[in-house]
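Visitor: This is the structure I want to talk about, given as structure tokens.
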Ligand SMILES: [Zn+2]
């Protein structure tokens with residue numbers, strides 16, 4: 243069994259390297275936008291959109307006709323073509339409920355480019371006369387200084403360079419994905435032997451439980467806003483949707499939602515920062531398993547909030563961890579709430595049971611804290627217990643079924 247893991251590092255490019263990264267990012271945006279426009283007009287004319295291969299050829303053609311794109315590696319642009327193909331496929335298949343027809347993006351929205359072939363990027367080696375733990379080689383850019391402690395083992399697959407605005411000037415990060423076999427994964431957990439290691443479980447909406455026994459709610463101060471929302475909702479329910487009063491209340495509600503978003507973003511930011519600074523290894527679930535959010539929101543709205551909160555915390559953690567050199571590991575959350583984190587006994591409980599009470603060893607803990615400890619153990623390759631039922635492949639099937647049920 244292989245596990246795909248990613249490591250994020252902060253890059254410290256020279257001025258010249260930064261100019262090149264900026265050019266690559268712009269070129270990817272330009273190619274993506276041109277291809278999206280071509281595909282859309284083909285759809286309008288009733289023509290089937292091109293294959294990935296054909297889109298790749300179109301991308302190469304655009305590069306040939308656009309002089310300023312000369313320094314850009316071809317593979318970065320063919321990868322952009324593949325992104326376009328994937329986004330149209332997602333739209334056709336409706337594989338995600340949020341899949342919309344791909345749009346032309348503004349320059350500010352174009353923040354990344356991806357190296358796909360192993361030979362286009364690699365860590366520096368002794369032969370280069372550079373320290374591999376400080377320099378990475380990027381195709382057509384050269385050796386770029388980076389910082390981060392995460393060790394990469396296994397086969398590197400892709401490297402995505404992205405720009406983020408965290409201050410007056412943009413910061414650059416690189417996220418490398420690699421495929422690891424199970425034994426490499428365990429070895430990594432053992433030879434790292436870090437000080438602070440923590441597992442986290444994202445429970446009710448934005449409640450976070452840690453393996454250290456901490457329960458943090460990102461939402462503590464939001465209940466006042468939530469009351470205002472439910473008041474507005476009940477007032478709006480009795481009104482004609484076209485009336486001036488309804489429109490006014492709707493605008494007021496949107497304003498409160500915005501306040502909630504800002505407060506939550508701020509709290510998430512602080513939490514991610516704290517977790518990343520205090521630990522060397524942080525383990526979290528790679529997908530959230532269903533949870534419950536305030537009933538005053540509609541079902542769609544609740545799902546939207548949960549997913550956004552999850553994505554937001556994850557992306558903030560990725561960058562904070564890269565900054566502070568904390569390793570971030572994702573694990574499949576299947577069954578993490580059902581097993582006892584101390585003795586490994588299977589203690590079945592549905593969503594309404596909030597406390598884990600182990601009949602075998604007597605361990606009692608908040609349900610989410612028990613799950614957080616299991617997540618940490620799973621991330622470090624140390625599964626609790628030796629239950630023969632504890633088989634990964636079986637668990638994965640079960641988990642996808644569970645999460646679909648919970649999502650409904
Ligand atoms: Zn137990």
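Numbering (my numbering), first residue to last: 243 to 650. Glycine included, each C-beta is placed from N, C-alpha and C at the ideal position. The structure presented is a predicted model; accordingly, all values stated were derived computationally and were not measured.
In chain order, what residues of the same chain have a beta carbon less than 6 Å from the beta carbon of residue 612, not counting five sequence neighbours either side?
Guide: Mapped onto the chain shown, residue 612 falls at position 370. Cβ-Cβ distances below 6 Å link residue 612 to 583 and 598 in the same chain, with the five nearest sequence neighbours on each side left out; the list follows chain order.
Visitor: Drop a sphere of 10 angstroms on the beta-carbon of residue 407, count the other beta-carbons inside from all chains shown, and report buried for 16 or more, exposed for fewer.
Guide: Counted from its first residue, the chain shown places residue 407 at position 165. Under this definition residue 407 is an exposed residue.
Visitor: Using a beta-carbon distance below 8 Å, is residue 464 in contact with chain B?
Guide: Chain labels in this structure do not include chain B; a single protein chain is all it has.
Visitor: Suppose you measure from the CA of residue 579 to the CA of residue 618; what does that come to, to the nearest Å?
Guide: Indexing the chain shown from 1 puts residue 579 at position 337. Indexing the chain shown from 1 puts residue 618 at position 376. So the alpha carbons of these two residues sit roughly 12 Å apart.
Visitor: For the beta strand (DSSP E) holding residue 457, just list the boundary residues, first then last.
Guide: Taking the first residue of the chain shown as position 1, residue 457 is located at position 215. Note, residue 457: beta strand (DSSP E), 457-459.
Visitor: With H, G and I counted as helix, E and B as strand and the rest as coil, what does DSSP make of residue 420?
Guide: In the chain shown, residue 420 corresponds to position 178, counting from 1. Three-state result, residue 420: strand.
Visitor: Could you pull out every residue in the same chain whose Cβ sits closer than 6 Å to the Cβ of residue 259, ignoring the five residues on either side in sequence?
Guide: Counting from 1 along the chain shown, the entry for residue 259 is found at position 17. Excluding positions up to five away in sequence, the list reads 383 and 386.
Visitor: Using the three-state DSSP reduction, which class does residue 377 fall into: helix, strand or coil?
Guide: Start at 1 with the first residue of the chain shown, and residue 377 comes out as number 135. It is a strand residue.
Visitor: In three-state DSSP terms, what is residue 498?
Guide: Taking the first residue of the chain shown as position 1, residue 498 is located at position 256. Of the three classes helix, strand and coil, the one that applies to residue 498 here is helix, per DSSP.
Visitor: Take residue 249 as the anchor and find which of 595, 602, 614 and 570 has the nearest alpha-carbon.
Guide: As a first step, residue 249 is located in the chain shown; it is residue number 7 there, counting from the start. Looking from the CA of residue 249, the closest CA among 595, 602, 614 and 570 belongs to 570.
Visitor: State the start and end residues of the unbroken beta strand (DSSP E) segment that holds residue 293.
Guide: Numbered from its first residue, the chain shown carries residue 293 at position 51. Residue 293: not part of any beta strand (DSSP E); DSSP gives it neither H nor E.
Visitor: What is the DSSP secondary structure of residue 250, counted as helix, strand or coil?
Guide: Here the question's residue 250 lines up with position 8 in the chain shown. DSSP places residue 250 in strand when its eight states are reduced to three.
Visitor: In angstroms, rounded to a whole number, what distance separates the CA positions of residue 566 and residue 519?
Guide: Here residue 566 refers to the residue found at position 324 when the chain shown is read from its first residue. Here residue 519 refers to the residue found at position 277 when the chain shown is read from its first residue. Answer to the nearest angstrom: the Cα atoms are 6 Å apart.
Visitor: Could you give the first and the last residue of the continuous beta strand (DSSP E) run that contains residue 366?
Guide: What you label residue 366 is simply residue 124 of the chain shown in a count that begins at 1. From DSSP, residue 366 is part of no beta strand (DSSP E); its letter is neither H nor E.
Visitor: Per DSSP, what are the beta-bridge partners of residue 511 in this structure?
Guide: The count along the chain shown starts at 1 and reaches residue 511 at position 269. Its beta-bridge partners do not exist; DSSP assigns none.
Visitor: To the nearest angstrom, report how far apart residue 293 and residue 299 are at their CA atoms.
Guide: Here residue 293 corresponds to residue number 51 of the chain shown, with the count starting at 1. Here residue 299 corresponds to residue number 57 of the chain shown, with the count starting at 1. If you take the alpha carbons of residue 293 and residue 299, they lie about 10 Å apart.
Visitor: What did DSSP end up calling residue 644 once you bin it into helix, strand or coil?
Guide: Position 402 of the chain shown, counted from the first residue, corresponds to residue 644. With a pLDDT of 37 at residue 644, under the threshold of 50, the modelled position of that residue is not reliable, and no figure is offered here.
Visitor: Confirm the yes/no value for this check: CB of residue 605, any heavy atom of ligand 1, distance under 7 Å.
Guide: Indexing the chain shown from 1 puts residue 605 at position 363. Within the cutoff, so yes.
Visitor: Quick one: residues in its chain with C-beta nearer than 7 Å to the C-beta of residue 322, no 5 flanking neighbours on either side, listed in chain order?
Guide: Here residue 322 is taken as the residue at index 80 of the chain shown, counted from 1. Only 270, 273, 274 and 301 meet the Cβ criterion.
Visitor: So, with DSSP's three-state summary, where would you put residue 489?
Guide: In the chain shown, residue 489 corresponds to position 247, counting from 1. The answer is helix: DSSP assigns residue 489 an H, G or I state.
Visitor: How big is the Cα-Cα spacing for residue 263 and residue 378?
Guide: Residue mapping note: residue 263 aligns to position 21 of the chain shown, counting from 1. Residue mapping note: residue 378 aligns to position 136 of the chain shown, counting from 1. Distance between the alpha carbons of residue 263 and residue 378 is about 14 Å.
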